[in-house]
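Below is one structure, written out as structure tokens, with a few remarks after it.
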Amino acid sequence: MGSASRVAIVGVGEVGGAVAYNLALNSIPGELLLVDLDLNLRNAQIEDLSDVIYSTNSSTRVRPATYREAAQSDLVVITAASKHTLGQTTVDYTSRNTSMIREVMEAMKPFRPDTVLLVVANPVDLLTSLAKDMAGLPPSQVIGTGTTLDTYRLRGMVASRALMHSSWAVTGKTK
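Structure below.
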């Protein structure tokens with residue numbers, strides 16, 4: 039990515055905000071578009087990110103956007119999802135998030151033909167499949183994070199229990 043690139047983040051809560059912060063801090067996109075149903079949250083994130091940009095001399099520009107504008111980006115990161123609450127069944131959680139991804143995808147259409155979608159919301163495999171089916175983009179342009187986040191969480195828990203740095207903890211199969 040470079041100064042002419044455009045990244046949109048749909049859903050700027052905790053995960054989306056963290057993604058936006060890291061992108062802006064490292065001047066990865068030229069333009070960062072934020073989309074969220076909660077306009078107060080979105081605007082607060084823009085203000086905070088603007089402070090980061092000004093204080094670090096980042097070359098990224100951040101602004102609010104509509105779903106349609108987001109769909110014209112080089113990369114769209116979809117983090118919009120409900121939190122899994124205590125006592126909520128997996129079926130309810132999945133149903134709520136599949137409804138949410140359907141609404142988001144419908145609101146964004148049509149996509150720019152070379153847009154890449156990155157789905158971060160859970161259940162990631164199901165939501166990525168829905169996004170792929172609805173986007174009208176080649177399957178190679180719709181990506182899910184898979185179990186990456188779960189792996190990092192497990193690695194962090196193991197490291198914490200073992201009183202060691204997380205980079206020392208290895209999860210999965212090694213050669």
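Add 38 to the 1-based position in the sequence shown for the working numbering, that's all there is to it. Here a beta-carbon is modelled for each residue, glycine too, at the ideal position from N, C-alpha and C.
The beta-bridge partner set that DSSP reports for glutamate 69 consists of Arg44 and Arg99. Of all alpha-carbon atoms in Leu155, Pro148 and Ile116, the one lying nearest the alpha-carbon of methionine 138 is that of Ile116.
Here the alpha carbon of glycine 174 sits roughly 39 Å from the alpha carbon of serine 204. Excluding five sequence positions before and after threonine 183, the CB atoms of its chain that fall closer than 8 Å to its own CB belong to Leu156, Val157, Val158 and Val162, given in chain order. Taking 8 Å as the cut-off, the Cβ atoms of valine 45 and leucine 61 count as close.
Using a 10 angstroms sphere on the CB of alanine 108, the tally of other CB atoms reaches 16 or more, which defines it as buried.
With respect to the 8 Å criterion, threonine 136 and leucine 164 are classified as neighbours on the basis of their beta carbons. Annotated three-state conformation of valine 196 is helix, per DSSP. In this structure lysine 170 is buried. Its beta-carbon is surrounded by 16 or more other beta-carbon atoms within 10 angstroms. Within the same chain, Cβ atoms closer than 7 Å to the Cβ of glycine 55 are found at Gln83, the five residues on either side in sequence being excluded. Across the set Thr185, Arg191, Pro177 and Ser43, the C-alpha of Ser43 shows the shortest separation from the C-alpha of glycine 68. Under the DSSP assignment, glycine 55 falls in the alpha helix (DSSP H) whose first and last residues are 52-63. In the displayed model, valine 154 falls within a strand according to three-state DSSP. Within the same chain, and ignoring the five residues on either side of leucine 79 in sequence, the residues whose Cβ sits closer than 8 Å to its Cβ are Val50 and Gly51. In the DSSP annotation of this structure, the continuous segment of the alpha helix (DSSP H) that includes leucine 77 starts and ends at 77-94.
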